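Protein chains in written order, with the working numbering: chain A, 1 to 256; chain B, 1001 to 1353.
To start, the structure itself, in structure tokens.
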Amino acid sequence: MMEHKSNPNNLTEGKIPPIEIKNLSVTYRTEPALWNIDLKLPEGKMIAIVGPNGAGKSTLIKTVMGIVPITAGKVSVYGKSYSKQRTKVAYVPQRGSVDWDFPTDALDVVEMGLYGKLGWLRRPNSKTRKIAKECLEKVGLEDYSDRQIGQLSGGQQQRVFVARALAQDPQIYLMDEPLNGVDVITENTILSILEKLRKEGKTIVMVHHDLQTVDKYFNWVVMLNRNLIATGPIEKVFTKENLDKTYQEKQRVSLR
Amino acid sequence: MVAANCASIGVFLVLRQMGMMTDAISHAVLLGIVIAVFVVGGRETVPVIVGGILSGILTVSLVELLYRSGKLKKDSSIGIIFPFLFAIGVILVTQAGDVHIDVQHVLYGSIEFSPFDTLYIDEINIGAKSLWVLGILAIANLSFIAILYKELKISTFDSSLAVGVGLAPILIHYLLMIMVATTAVVAFESVGAILVIAFFIVPTSAAYLLTDRLSRMMLLSITLGIISAVIGYAFAILSDVSISGSMATSAGIVFGLIWVFSPNRGLISRWRRLSKQRSEIDLGVILTYIQSEVKEGRKVTPSNISNSLGWTIEYSLKLYELILEHNLAKKDNDGNLFLTELGSKKVENYTSN
């Protein structure tokens, strides 16, 4: 654990970064969503992606996962293309992205996190069931395992998603606003889990909307507004000047 | 047979909100069938099925193309593509003087006659041809689902996760569409386009109202499909009306009954739950009111309650008696109301939430 702390510049010392983005541009039809992004994310950090609405925060994460087609540039995960590194990455989508009326229960959703490792045609078994149960326990939902997912509260649904990512057991967690509109218990549960993962050397990349808590929860920040405004350790980069640049005049923000 | 076939695949269609797509495919296969008939000059089963599948895939691809490329919504894209393909089919049919297919047959089917179209192997009658074809299809469909159950489930529930973990949801999507097209063509030979849709969507939707589990939904859907088919068949024989028509009608009626009476998601249970929640809330309101009034040293009577809370005097009286009955509040010797321990606890519960 100490290596990570004592060597904040391990990026530059030949270590392969978990995520490296070069000259990335993404456009939706003719509308640019991301423009010429160059970015290296360090290992073992809690990384926040901040920026105004439409700044391309979610797009950036989805690009890493290969869900959104790239117009130009290159994304690599531990030095290779994503399709070779699938098992190293887990994605926690926004809650609204799935149909919560789907006839399935919490445990089942968590187990879906393991489908990728199973590969084609192999069926879930007692082993995957067991792992799924453990992950559900970690987020404190063991009593809700057979609850239909639509009957869970918003925060519980979010925790189910986090449990699903845990089941995937990746090196990198990509999360799209997991703390948006959740209750205090959920927020604390998720944060303590992530902090533990970070100490184990995992990298957490999170789209985050609440600027007030950025310096409290994270130790690295990516400030985005289609272009990359700034990136680096919170204490160096998360300044009023950069915030103003990121949010421009549209959305004035104060740094307390 | 048709019922079981359609109902099993239908589950994924309903969950993918693709009911309209089924409609489109089942109509557009006409084009493929007609072309196949032209090419081979007869209604051979295999070419007809192949033609149907190809036009089914064409339909799906064109719809996706329109949907992805422009500003069109999915339902409008479907609405453009399928009448177009179906209409070409209709034109071709009317040109097909020497080949026997008519639109009537395609739309309404001719289940009445399908048992007479028997299959011979070495001159031995081995039973109705459509039964054999459907039987084979049922095995194909069920094994398709059994083998790719996990893949179908994940790509239906969360396709971005499916992409992420490398279980190509687009491939699954097209495989599913191929199965839909095959089922539609085969089923349609015997029962026609309208009944096909009825069996894809109706039993499945009914099953959806009954269960929270995908596997159970599948079984229920097949069972309901068969039940509606049998009821519809019996009704048609007894009163001498169109079999396919009465099957689709009975499917609709079965769905209607379930929609009203389903234990969890039905109309009645929802209505009950709402009114129960309502009275639960009112109970909380009245208890909180009593507590604060007692604290202020005022007297609580049914007419006070009615005045302060804006409820009718009858309703206030009813709740008043209810809380006395349940020991949530008691009267002291002067006839003043006060909350029991149980009542205070309840108020605490309400206010702490």
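Glycine included, each C-beta is placed from N, C-alpha and C at the ideal position.
From a predicted model like this one, the values you see are computed outputs, not experimental measurements.
Alpha-carbon to alpha-carbon, residue j and residue i
i: Ala-1207/B; j: Lys-57/A; result: 40 Å
i: Val-182/A; j: Asp-215/A; result: 19 Å
i: Phe-1144/B; j: Arg-147/A; result: 28 Å
i: Leu-243/A; j: Ile-190/A; result: 26 Å
i: Ile-1237/B; j: Ser-1250/B; result: 13 Å
i: Val-92/A; j: Ala-165/A; result: 7 Å
i: Leu-107/A; j: Lys-138/A; result: 12 Å
i: Gln-157/A; j: Ser-1292/B; result: 37 Å
i: Ile-185/A; j: Val-1254/B; result: 44 Å
i: Gly-79/A; j: Leu-174/A; result: 17 Å
i: Val-1039/B; j: Asp-176/A; result: 53 Å
i: Ala-90/A; j: Phe-161/A; result: 10 Å
i: Ser-1069/B; j: Thr-128/A; result: 40 Å
i: Leu-1142/B; j: Asp-1240/B; result: 33 Å
i: Arg-252/A; j: Lys-240/A; result: Summary for Arg-252/A: the model assigns pLDDT 43, below 50, so the residue's position carries little reliability; its value from the coordinates is reported in the next sentence. Cα to Cα, Arg-252/A sits roughly 10 Å from Lys-240/A.
i: Gly-113/A; j: Val-1163/B; result: 12 Å
i: Arg-159/A; j: Asp-1075/B; result: 34 Å
i: Asp-1212/B; j: Asn-36/A; result: 46 Å
i: Gly-1019/B; j: Val-1230/B; result: 23 Å
i: Leu-1283/B; j: Ile-1305/B; result: 12 Å
i: Ser-1160/B; j: Met-1177/B; result: 19 Å
i: Glu-20/A; j: Thr-59/A; result: 15 Å
Span of the alpha helix (DSSP H) around residue i
i: Leu-1220/B; result: 1214 to 1239
i: Ser-1303/B; result: 1302 to 1309
i: Ile-1372/B; result: The structure shown does not extend to residue 1372/B, since chain B is modelled only from 1001 through 1353, so no value can be given for it.
i: Ile-1281/B; result: 1267 to 1295
i: Ser-1316/B; result: 1313 to 1325
i: Arg-129/A; result: 126 to 138
i: Thr-213/A; result: Counting along the chain, Thr-213/A falls outside any alpha helix (DSSP H), and DSSP gives it neither H nor E.
i: Ser-1242/B; result: No alpha helix (DSSP H) contains Ser-1242/B, which DSSP labels as neither H nor E.
i: Lys-57/A; result: 57 to 65
Where residue i sits in the DSSP three-state scheme
i: Phe-1084/B; result: helix
i: Phe-238/A; result: coil
i: Leu-114/A; result: coil
i: Ile-19/A; result: strand
i: Lys-196/A; result: helix
i: Ile-190/A; result: helix
i: Ile-204/A; result: strand
i: Gln-151/A; result: helix
i: Gly-51/A; result: coil
i: Trp-100/A; result: coil
i: Trp-120/A; result: coil
i: Lys-45/A; result: coil
i: Lys-1000/B; result: Given that chain B is displayed from residue 1001 to residue 1353, the structure contains no residue 1000/B and the question cannot be resolved.
i: Lys-80/A; result: strand
i: Ile-1035/B; result: helix
i: Asn-180/A; result: coil
i: Lys-1345/B; result: helix
i: Ala-1181/B; result: helix
i: Leu-243/A; result: helix
i: His-1173/B; result: helix
N- and C-terminal bounds of the beta strand (DSSP E) containing residue i
i: Gly-232/A; result: 227 to 233
i: Asp-176/A; result: 172 to 176
i: Ile-37/A; result: 31 to 41
i: Gly-73/A; result: 72 to 77
Proximal chain B residues relative to residue i, where beta-carbon distance stays under 8 Å
i: Gly-66/A; result: Val-1163, Gly-1164
i: Ser-97/A; result: Asp-1158, Ser-1160
i: Tyr-91/A; result: Ser-1160, Leu-1161, Gly-1164
i: Asp-105/A; result: Asp-1212, Arg-1213
i: Met-112/A; result: Lys-1153, Ile-1154, Phe-1157, Asp-1158, Leu-1161
i: Arg-86/A; result: Gly-1164, Val-1165, Gly-1166
i: Gln-171/A; result: Simply none; closest approach about 14 Å.
Residues that DSSP places opposite residue i in a beta bridge
i: Phe-1261/B; result: Its beta-bridge partners do not exist; DSSP assigns none.
i: Ala-90/A; result: Tyr-173/A
i: Lys-1330/B; result: Phe-1338/B
i: Leu-24/A; result: Ile-37/A
i: Asp-105/A; result: Gln-148/A
i: Met-223/A; result: Val-50/A, Ala-230/A
beta-carbon residue i near the ligand FAD non-hydrogen atom, thresh 6 Å
i: Val-1037/B; result: Among the components modelled here there is no ligand, and therefore nothing to report on the ligand FAD.
Residues that residue i contacts on chain A, provided the C-beta gap is smaller than 9 Å
i: Glu-1151/B; result: Tyr-115, Trp-120, Leu-121
i: Ile-1081/B; result: In chain order: nothing, as chain A lies at least about 22 Å away.
i: Tyr-1208/B; result: Asp-101, Pro-103
9 Å Cβ cut-off: residues of chain B touching residue i
i: Pro-18/A; result: Within chain B, no residue comes near Pro-18/A; the closest Cβ sits about 16 Å away, beyond 9 Å.
i: Arg-159/A; result: By Cβ distance, chain B contributes nothing, its closest Cβ being about 16 Å from Arg-159/A, past 9 Å.
Residue i: contacting residues in chain A (beta-carbon distance under 7 Å)
i: Ile-1147/B; result: Leu-121
Beta-carbon neighbours of residue i, restricted to chain B and to distances below 7 Å
i: Gln-148/A; result: Asp-1212
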